[in-house]
Each structure stands twice: as structure tokens, then as C-alpha cells.
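Trainee: For the sequence shown, the working numbering begins at 42 and goes up steadily by one.
From the three backbone atoms N, C-alpha and C, an ideal C-beta is built for every residue, glycine too.
Only a predicted model underlies this, so the values are computations on that prediction, with no experimental measurement involved.
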Amino acid sequence: MEVDLSGKVAIVTGASSGIGAATAIAFAKHGAKLSLVGRDEVRLLQTANKCVEVSMSNEVPLWVRLDLTQPGACEAVVNKTVETYGKLDILVNSAGKVVLSDLSDESMDILDDLMNLNFRVPYRMTQLSLRHLEKTKGT
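1) With serine 135 and valine 53 assumed to form a contact (beta carbons below 8 Å), what rounded beta-carbon distance in angstroms separates them?
2) If you compare alpha carbons, which of Leu169, Val93, Thr110 is closest to lysine 121?
3) Are the segment 110-117 and the segment 79-90 in contact at 8 Å, needing three or more beta carbon pairs?
4) Leucine 132 to leucine 144, Cα distance in whole Å?
5) Could you check if lysine 74 is buried or exposed, using at least 16 other CB atoms within 10 Å of its CB as the buried criterion?
6) Of all the options Gly127, Ser142, Ala65, Lys70, which has the alpha carbon lying nearest to the alpha carbon of tryptophan 104?
7) Nearest CA to the CA of alanine 114: which residue from Glu175, Pro163, Ser57, Asp45?
8) Give, in chain order, every unbroken run of the beta strand (DSSP E) that is at least 3 residues long and sits entirely within the segment 49-111.
9) For threonine 177, which residues from the same chain have a beta carbon less than 7 Å from its beta carbon, with the 5 sequence-adjacent residues on both sides left out?
10) Once the 5 residues before and after alanine 117 are set aside, which same chain residues still bring their CB inside 8 Å of it?
11) Compare the Cα-Cα distances from lysine 70 to each of Lys91, Gly55, Val78 and report the closest residue.
12) How would you label valine 139, buried or exposed, when you count the other beta carbons within 10 angstroms and need 16 or more for buried?
13) CA-CA distance, alanine 2 and tyrosine 126?
Now the structure itself:
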């Protein structure tokens, strides 16, 4: 079964590595217009370049280097994507991290950091994207 994402607009968080990068490249191969988000500018640009190489249109994706846990970052990504492409069809919440820590460390900073990126960011990105996804019957 061939997937056709031509004309679909997708935000992919965590696009600078791993599942996010692989998803972005696969979406580009199938024709999606992309908004790529990641913290590592070098690797994010590598993903964007790979997307151009495999895309049907050689279109350069919108890419945004930022930390989604910072205030206003999620809003900036959704707003810039809709401003650039006029709509949003797909949201891929792929940003995340794992931290190995010793339970004897009584600081809650590590847990707060994990909760912010792994739970709060996807929740907020989904909240902000929902009305756009409803308009396009997106996912």
C-alpha cells in the first residue's frame, strides 16, 4: 500500500534524531510539507537536507531549532507552521528523552525536566494543534 501525503502539512518534534528524524524523512518521501523541530541545529539541518533529497518536490522543510520546554515555544512552532503553510494536518510528538539517575539524588529537577519534555510538551502541542487538525480532519 503506497502512502500519499502530498499536500499534507506535518509538524515533527524531535526531528533532529531517532524516531523523529526517521519519521520526517519518511513523510518527505511521501510528499508531506514539513515543520521540523529539534534542539540540535546541526542534526536538525542534516534531517532537513535528507528530507529534501528524498522528497518528490525537493521542497526545503521549515525547521525550527528550539527547546520545546521553554515558555511560548510550543505556541511558536504551531503558529509558524500554520503561518507558513496555511494549515496543519499531522502532528508527530516525537521529542523526548530518558535520563538515568540515582534515586538517592533528592533533587526533583531531573523528574521535572523529564515530565516537562515527555508529558507536558506533547500535551501542549496537541492542545495548540487540535483546532487546526479538526479543520483538516487531520491526525
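Mentor: With the given structure in hand:
1) Separation of the CB atoms of serine 135 and valine 53 is rounded to 6 Å, and the pair is thereby assigned contact status at 8 Å.
2) Of the candidates Leu169, Val93, Thr110, the one whose C-alpha sits nearest the C-alpha of lysine 121 is Leu169.
3) Contact fails: fewer than three Cβ-Cβ distances are below 8 Å.
4) Roughly 34 Å separates the two Cα atoms.
5) Lysine 74 is buried by the Cβ-count criterion.
6) Here the closest residue by C-alpha is Ala65.
7) Per the Cα distances, Pro163.
8) With a minimum length of 3 residues, the continuous beta strand (DSSP E) runs that stay inside the segment 49-111 are 50-54, 74-79, 103-106.
9) So the list reads Lys128, Leu129, Asp130, once near-sequence residues are dropped.
10) Once the five neighbours on either side are set aside, the close Cβ partners of alanine 117 are Val105, Leu107.
11) Checked all of Lys91, Gly55, Val78; the closest Cα to lysine 70 is Lys91.
12) So valine 139 ends up on the exposed side.
13) In the structure displayed, the chain extends from 42 to 180; residue 2 sits before or after that span and is not available.
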